[in-house]
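Working notes, beginning with the structure itself.
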Amino acid sequence: MQDIIKKHLKAAQAVLNKNHAGSYTIPSSSLYPHQWNWDSGFIAIGYSHFNTGLAIKELQSLFSAQWRNGMLPQIVFNRNSLGRYFPEPDFWQTERSPNAPERFLTSGITMPPIHAVSVLKIYENAQDKQKVIPFLKWIYPKLMASHRYLYLERNLNQDGLIYIRHPWESGMDNSPAWDKVLRKIDLSGIRLPEYRRKDTESGVSSDMRPTKQNYDYFVYFMELFKKAKYEEKEIAKECPFLVCGPLFNAILCASNEALIKISDIIGKPYQEIEQWYSLTSKSIRDKLYHEEHGIFDAYDLRGKELLELETASGFLPMFGGAASQEQAEKIYRYLDSKSFCALHQGNCFTIPSYDTQKEGFKRENYWRGPVWININWMLVQGLRRYGFGQKADSLSRHILELPIRFGFYEYYDSFDGRGYGSKNFSWTASLFIDTAYETYVKAGARAYAGAAENILFRDRVLNKTGKQTDISGIRISQEMIKAVKEIKSRYYTPKGTVDYESIKTSGEYKNYKKITANLRGFDLTLLKGETEKLAFWINLYNTIVVDGIIENRVKESVKEVIGFFSRIKYIIGGYSFSPDDIEHGVLRANSRKPSRVWKQFGLLNAKRKFSLRHIDPRIHFALVCGSRSCAPIKYYTSEGIYDELEMATKNFINSSEVMVIPEENRILISQIFKWYRSDFGGLPGILNIIRKYILDDDKKIFLDNIKDDLQIDYLYYDWNLNK
Ligand code: 2M8
0 MQDIIKKHLK AAQAVLNKNH AGSYTIPSSS LYPHQWNWDS GFIAIGYSHF NTGLAIKELQ
60 SLFSAQWRNG MLPQIVFNRN SLGRYFPEPD FWQTERSPNA PERFLTSGIT MPPIHAVSVL
120 KIYENAQDKQ KVIPFLKWIY PKLMASHRYL YLERNLNQDG LIYIRHPWES GMDNSPAWDK
180 VLRKIDLSGI RLPEYRRKDT ESGVSSDMRP TKQNYDYFVY FMELFKKAKY EEKEIAKECP
240 FLVCGPLFNA ILCASNEALI KISDIIGKPY QEIEQWYSLT SKSIRDKLYH EEHGIFDAYD
300 LRGKELLELE TASGFLPMFG GAASQEQAEK IYRYLDSKSF CALHQGNCFT IPSYDTQKEG
360 FKRENYWRGP VWININWMLV QGLRRYGFGQ KADSLSRHIL ELPIRFGFYE YYDSFDGRGY
420 GSKNFSWTAS LFIDTAYETY VKAGARAYAG AAENILFRDR VLNKTGKQTD ISGIRISQEM
480 IKAVKEIKSR YYTPKGTVDY ESIKTSGEYK NYKKITANLR GFDLTLLKGE TEKLAFWINL
540 YNTIVVDGII ENRVKESVKE VIGFFSRIKY IIGGYSFSPD DIEHGVLRAN SRKPSRVWKQ
600 FGLLNAKRKF SLRHIDPRIH FALVCGSRSC APIKYYTSEG IYDELEMATK NFINSSEVMV
660 IPEENRILIS QIFKWYRSDF GGLPGILNII RKYILDDDKK IFLDNIKDDL QIDYLYYDWN
720 LNK
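First residue of the sequence shown? That's 0 in numbering that gives the first Met the number 0, and the numbers climb one at a time after it.
Here's what the structure looks like:
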């Protein structure tokens, strides 16, 4: 693992350590001195990677304060820290409810139910899973009770859409999504009790916090709850704020899914949970999707209408799988746009909490614009689930990059990354830990797990059989282009990934294989000029790799097949070409493969005559090695090859394969730069190419003024299949 990641993993653990308060972890010492509901869920996930005991304790502590009706409270107060937060138990007066726990002081509302997801992670990440079973058995009935409470008490229309009755329950307290409902409530004639906020006295600028008016509403709802003695039926009659949001309900879906798995592990029935899952996910799809806006929306039960607001929570139905594939494709278009920071867009960090192009977007105000790490984290999993791997990688890198560059802040500026809110914020540290483990430790292990399953001792010619047809001459190359285009249009996704499973059985692939048979008689001297050669060989490399993955039944990574790049071959005009021959022999002007001492084509090798005369280093951003860390697949044409290579380079340099960290005087870059250092003209050449193509202005300025002690780390190369 890179030193910089190790260093920040330690720093992240130190944040959790510092915020640890005995049996649980506070979100941050400056603003939040008690235990918070979903914060603890995220915090436990971080602990699960290095201390299962602490992860378990975190949730045991929270669930010990569960209400008798199953509600998991938003805050469990620490008696020793009272006086530093508003509102505290004196204001909540939850003792008015017969359901409130006796031994614990809590608030009287709940929060997004992430906890079953956390519990499953604790089990999955434990070194000794058996030791976690007693904890699973302990928490299972409590998780069931908390979900049952939601389905019984917060399910007004019995459609599985759970409502929140206070903006704090959303976790996105002052999200612009709630404005429309709040504006309808007239507080002018209402006498609110005196209260004194503590958040604006904590050193955090009030520009970053909710307004006084927001707090008046917050207090107003609390007064209603107190009057109703926290009786849900009574509250449902009185409260003007009853909203079914996509974030809360999407998280519930993810947790139902996790709870099914937990039940299975400990041998409990899960039909009821399956029903919950289908009910909620169907209603999310049918009732919360805003067709015109291409995003999920929140539903106001009082006004009986969608709230018509585009916030980051509208993408969450990908987490937990409630969105249909078609809806996911549509919301992806919006997610990956200027509104929420597109892939390879300069000067921006994914993903802001509110559409940056809308009036009312505020770059530093709490849930009205800044980037939050927990939202990113949930989206990473959602994006992967629906096949948006490239975007998921990019969000993951931002989860790492923001804390590395700016510190473990509560939230960040989407344009320049500056940290806002409180420092040393626990869930930022915790989800940094999870992302670093998943990216650098586990992904590596996964990709190599299958290695050596399949060793190619002999060459495997992929176009050996099949009748040659009457296509001849340069037409073969044109026909191949056509066939590949057909495969590409159907099975290469706009996300830069490949649907290998479907290609395997497709008519397009059969047709492609027929044409590759003709390559056996193709006269390579028909390729004229550099542009024609470049396009032909790059396309051929990219398709022989796909063909090799299919023919060798690769499951997770090309690393499963030892000899993959040197032993799979196409016969072309009587010569056999492997991906290595194409890359190092032809495209890299007959060079050494990294880690080898000899050139690809030896002195007597007749294929030497096909080597290009010089290396265009941009080819490295166009060759697709079937793995997540290589360039996304594009198609190259002889007429447009130089422009296309420019585009591929720009995309790669601005992807998650290049991390420039001015504050640390460091860059973290793809291993490709290390392996092919000489192709780029050594280190100065590498820095030049990054400087030339990088879009972020701050990074450009940094690269224009490089200091001698610049540190360079090479990113872990993710060999997992780009499927
Ligand atoms: C924020 O909310 C609390 C109230 O719950 C507050 O502003 O005082 C939100 O960001 C919420 O999502 C978070 O759980 C909590 C503690 O980090 O702070």
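No residue lacks a Cβ here, since even glycine has one placed at the ideal position from N, Cα and C.
Same chain only: Cβ atoms within 6 angstroms of residue i, ignoring 5 sequence neighbours per side
{"i": "G572", "result": "F521, D522, L523"}
{"i": "H619", "result": "I671, Y675"}
{"i": "I294", "result": "E309, G313, I330, Y333"}
{"i": "M70", "result": "T109, Y148"}
{"i": "L667", "result": "M658, D712, L714"}
{"i": "N213", "result": "N173"}
{"i": "A723", "result": "Coverage of the chain is limited to positions 0 through 722, which leaves residue 723 absent and any answer about it impossible."}
{"i": "Y641", "result": "none"}
{"i": "L694", "result": "G345, N653"}
Cross-strand partners of residue i (DSSP beta bridge)
{"i": "K568", "result": "V460"}
{"i": "P351", "result": "V370"}
{"i": "Y288", "result": "F295"}
{"i": "M658", "result": "L667"}
{"i": "I3", "result": "Beta-bridge pairing links I3 to no other residue."}
{"i": "W35", "result": "I74"}
{"i": "R591", "result": "K598"}
{"i": "E304", "result": "D299"}
{"i": "I163", "result": "V242"}
{"i": "Y84", "result": "Its beta-bridge partners do not exist; DSSP assigns none."}
{"i": "T310", "result": "Y353"}
{"i": "H19", "result": "T24"}
{"i": "T105", "result": "V75"}
{"i": "Y122", "result": "Its beta-bridge partners do not exist; DSSP assigns none."}
Ligand 1 heavy atom lying under 7 angstroms from the CB of residue i
{"i": "P26", "result": "yes"}
{"i": "D206", "result": "no"}
{"i": "G547", "result": "no"}
{"i": "W723", "result": "Past the boundaries of the shown model lies residue 723; the chain is included only from 0 to 722, so the question cannot be answered."}
{"i": "Y91", "result": "At residue 91 the sequence reads Trp, which differs from the Tyr that was named. It does not: the Cβ of W91 is nowhere closer than 7 angstroms to a heavy atom of ligand 1."}
{"i": "W177", "result": "no"}
{"i": "W167", "result": "yes"}
{"i": "Q73", "result": "yes"}
{"i": "G170", "result": "yes"}
{"i": "Y31", "result": "yes"}
{"i": "W597", "result": "no"}
{"i": "D712", "result": "no"}
{"i": "D793", "result": "Residue numbering for the chain in the displayed model covers 0 to 722; residue 793 lies beyond these limits and cannot be assessed."}
{"i": "D215", "result": "no"}
{"i": "W37", "result": "yes"}
{"i": "D198", "result": "yes"}
Boundaries (first-last residue) of the beta strand (DSSP E) holding residue i
{"i": "Q710", "result": "710-713"}
{"i": "Y574", "result": "574-576"}
Chain-order list of residues whose beta-carbon lies under 7 angstroms from that of residue i (same chain, five-residue window excluded)
{"i": "A451", "result": "Any reading at A451 needs caution, since the residue's pLDDT is 49, under 50, leaving its predicted position unreliable; the model's value is listed next. If we look at A451 and ignore the five residues flanking it on each side, its Cβ neighbours are I561."}
{"i": "F76", "result": "H33, E87, P88, L104, T105"}
{"i": "K606", "result": "Y574, D580, G584, F600"}
{"i": "D2", "result": "D712"}
{"i": "K228", "result": "R95, S96"}
{"i": "I486", "result": "I502, E507, Y508, Y511"}
{"i": "I163", "result": "S169, V242, G244, F247"}
{"i": "W536", "result": "I581, V585, L586"}
{"i": "F348", "result": "C340, V370, H397, L401, Y411, S413, G416"}
Where the alpha helix (DSSP H) containing residue i begins and where it ends
{"i": "S282", "result": "270-282"}
{"i": "S393", "result": "388-405"}
{"i": "Q356", "result": "Note, Q356: premise wrong, no alpha helix (DSSP H); not H, not E."}
{"i": "G639", "result": "That residue, G639, is in no alpha helix (DSSP H); it is neither H nor E in DSSP."}
{"i": "N538", "result": "528-550"}
{"i": "E507", "result": "506-518"}
{"i": "M171", "result": "Per DSSP, M171 belongs to no alpha helix (DSSP H) and is neither H nor E."}
{"i": "D206", "result": "Where D206 is concerned, there is no enclosing alpha helix (DSSP H), given that its DSSP letter is neither H nor E."}
{"i": "V218", "result": "211-226"}
{"i": "D185", "result": "Element bounds for D185: n/a, residue is neither H nor E."}
{"i": "Q129", "result": "Unbroken run through Q129: none, as it is neither H nor E."}
{"i": "F431", "result": "425-435"}
Cβ shell of residue i (< 8 angstroms), same chain only, five flanking positions each side left out
{"i": "D354", "result": "E309, T310, S338, F339, F360"}
{"i": "Q65", "result": "L71, P72, P100, K141, A144, S145"}
{"i": "N589", "result": "H583, K598, Q599, F600, R607, S610"}
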